Amino acid sequence: MSYQCIEFSIKEGVATLTLNRPETLNSFNVKMHEEVWEALDRLMRDDKVRCLLITGRGRGFSAGQDLSERRPGPNGEAPDLGQSLEVYYNPLVRRLRSLPMPVICAVNGVAAGAGANLALNCDIVLAARSASFIQAFCKLGLVPDSGGTWLLPRLVGRARARGLALLGDRINAEQAEAWGLIWKVVDDEHLMQEAMALSRHLSTQPTQGLAYIKQALEAAEGNDMDAQLDLERDLQRAAGRSEDYREGVAAFKEKRTPSFTGK
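Residue numbers (this note's numbering): 108 to 370.
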């Protein structure tokens, strides 16, 4: 399938999704949402895909929503921004977080508004040294969306979350790393090389087990200790029945590198 707003490819177990509207800093319009959704459908139909890498084309990762699609109507009626979240952003966030494989994000430039929060919803975020993150919503009288109000306090704590959300200040990649907002800063010229190396590594790992880890960590945000212990028991029981567990144990005993199939 040919795309207008994204690039999408699958190679060596890694699906690479590149936002491709560089003239708008990869801001999201309806067409981009539709193409991203179709690409996610496509990777889920391919059982060889064991990791997803997301990045952006040009000098920015994503500036969030394309505001030209959210202007008042011809009679001055306000756009329904809640509907935009209900139809597009919220389903995308839920789907990214629930994918049964690691999701890596390589932030190649500015990530603002929903663009920042979509990046932060990925499992591991690498950022170019020149990248920056902006919770730009307050500049427009809006609320951080795409999970922003849930993510920020958990990633950086209450005080910093409120500062980021209420002030809308730009923070650079080094500060984002120091605050625990992202995993790692990488020199610009090495960003994609390191992101791809990480993605290829993860695509060789026990994918089902990694999916169980994601499920456990996600549930931990709302569980008490007893509920989490029960979940760990149930997931460990399922993981122990996987082909990858058998392979991992055999490789350990035979002192060789395991060859995981992701099953």
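C-beta atoms are modelled at their ideal positions from N, C-alpha and C, and glycine is treated no differently.
What you are looking at is a predicted structure, and each value in this text was computed from that prediction instead of being measured.
Its chain contains 123 as the residues whose beta carbon lies nearer than 7 Å to that of residue 116, once the 5 sequence neighbours on both sides are disregarded; these appear in chain order. Look at residue 241 here: in three-state DSSP terms it is strand. In this structure, DSSP gives residue 111 a state outside helix and strand, which the three-state scheme calls coil. With a cutoff of 8 Å on beta-carbon distance, residue 171 and residue 221 are scored as near each other.
In this structure residue 236 is in contact with residue 294, their Cβ atoms being roughly 6 Å apart against a cut-off of 8 Å.
Pairing residue 163 with residue 323, the inter-Cα distance amounts to about 29 Å. Residue 335 and residue 165 have their C-alpha atoms roughly 42 Å apart. Bounds of the beta strand (DSSP E) holding residue 163 are 158-163. Between the C-alpha atoms of residue 184 and residue 177 there is a straight-line separation of about 11 Å. Annotation: residue 325 to residue 255 spans about 15 Å, alpha carbon to alpha carbon.
Restricting attention to alpha helix (DSSP H) runs no shorter than 4 residues, the stretch 226-298 encloses them at 255-263, 265-274 and 280-286, ordered along the chain. Taking C-alpha positions only, residue 277 is separated from residue 144 by approximately 29 Å.
Between the stretch 239-259 and the stretch 311-319 there are fewer than three inter-stretch CB-CB distances shorter than 8 Å, so the stretches are not counted as touching. Of all alpha-carbon atoms in 139, 131, 228 and 349, the one lying nearest the alpha-carbon of residue 110 is that of 139. With 16 or more other CB atoms across the displayed protein chains lying within 10 angstroms of its CB, residue 369 is buried. In the structure shown, the three-state DSSP call for residue 317 is helix. Between residue 258 and residue 224, the C-beta spacing is below 8 Å.
Here residue 290 is not near residue 267, since their CB atoms are 8 Å or more apart. Between residue 330 and residue 317, the C-beta gap is not smaller than 8 Å, which leaves the two residues out of contact. With contacts defined by Cβ atoms closer than 8 Å, residue 229 and residue 241 do not form a contacting pair. The shortest CA-to-CA distance from residue 207 to any of 283, 274 and 319 is the one to 319. Secondary structure of residue 131 (DSSP, three-state): helix. A distance of 8 Å or more separates the beta carbons of residue 218 and residue 175.
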